[in-house]
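The sequence shown maps to residues 27 to 195 in this note's numbering. These notes are about the structure you will find just below.
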Amino acid sequence: MKLIEKFVTGAANALAVAGLTVLLALAVCTLFDGLLRALANTPLDFVREIGDLVAAICGACCLPIVLLHKNNIVLRTFENLLPPAGARIFDIFADVLMTVVMAAMAWQFWLFGIKTKQANDVTWMMNVPKAPFWFAVDAILWVCVAVQAFVMIQTLTGKSVQHDPEIPQ
Numbered sequence: 027m028k029l030i031e032k033f034v035t036g037a038a039n040a041l042a043v044a045g046l047t048v049l050l051a052l053a054v055c056t057l058f059d060g061l062l063r064a065l066a067n068t069p070l071d072f073v074r075e076i077g078d079l080v081a082a083i084c085g086a087c088c089l090p091i092v093l094l095h096k097n098n099i100v101l102r103t104f105e106n107l108l109p110p111a112g113a114r115i116f117d118i119f120a121d122v123l124m125t126v127v128m129a130a131m132a133w134q135f136w137l138f139g140i141k142t143k144q145a146n147d148v149t150w151m152m153n154v155p156k157a158p159f160w161f162a163v164d165a166i167l168w169v170c171v172a173v174q175a176f177v178m179i180q181t182l183t184g185k186s187v188q189h190d191p192e193i194p195q
């Protein structure tokens with residue numbers, strides 16, 4: 027289980043770093059686009075063309091680390107009202123529900139990517155196909171499903187899940 031945990035943690039960290047690096051590159055390109063537009067009346071068309079698609083991939087890249095560390099919004103009302111075993115049941119239910127929701131999202135993005143490809147949907151100026159971007163988001167969402175399944179298994183087996191030390195639990 028330690029080997030799997032190391033692999034899942036490494037994959038989630040690598041995706042987050044890659045996503046944020048690409049997002050930083052997009053921010054720099056957006057800055058240059060604004061400067062070139064203002065100073066030389068020569069905008070960088072690709073920034074407007076694929077910026078939102080690249081940002082979608084970057085956002086998806088950050089989801090696995092959030093799921094792994096359980097840094098999403100959590101209501102802990104039942105921890106004070108129920109014994110630890112009762113509160114654990116709610117945690118298990120939440121993890122199962124989150125796994126199902128992530129799988130449904132990944133499946134829907136797969137279907138959306140197929141529809142986008144079948145429609146030959148492209149960007150309006152440079153005719154860049156949009157489907158590969160949505161398939162990339164979908165692939166990352168399937169990684170999220172695997173990460174969430176790992177978190178669910180940890181909860182089921184009673185292992186503690188890593189939390190961000192800066193966030194009070």
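Every residue gets a Cβ at the ideal spot worked out from N, C-alpha and C, and that includes glycine.
Nearest by alpha-carbon distance to residue i: which of the options is it?
i: M178; options: N153, W160, A132, V127; result: V127
i: V100; options: F119, A82, L29; result: F119
i: D164; options: D117, V122, G77, Q134; result: Q134
i: I115; options: K28, A38, E31, L182; result: L182
Checking 9 Å against the spacing of the C-beta atoms, do residue i and residue j come in under that value?
i: T73; j: T56; result: The identity of residue 73 in the sequence shown is Val, whereas the question assumes Thr. It is a contact, given that the beta carbons lie within the stated cut-off.
i: G45; j: G85; result: yes
i: M131; j: C87; result: no
i: L50; j: D59; result: no
i: V48; j: I83; result: yes
Report the partner residues of residue i according to the DSSP bridge assignment.
i: V9; result: It is not possible to answer for residue 9, since the shown part of the chain is limited to 27 through 195.
i: P155; result: V148
Between residue i and residue j, what straight-line distance do the alpha-carbon atoms span, to the nearest angstrom?
i: L41; j: P90; result: 8 Å
i: N98; j: L65; result: 42 Å
i: V251; j: L79; result: The first residue shown for the chain is 27 and the last is 195, placing residue 251 beyond what the model contains.
i: R102; j: P109; result: 13 Å
i: W168; j: N153; result: 28 Å
i: K32; j: A38; result: 10 Å
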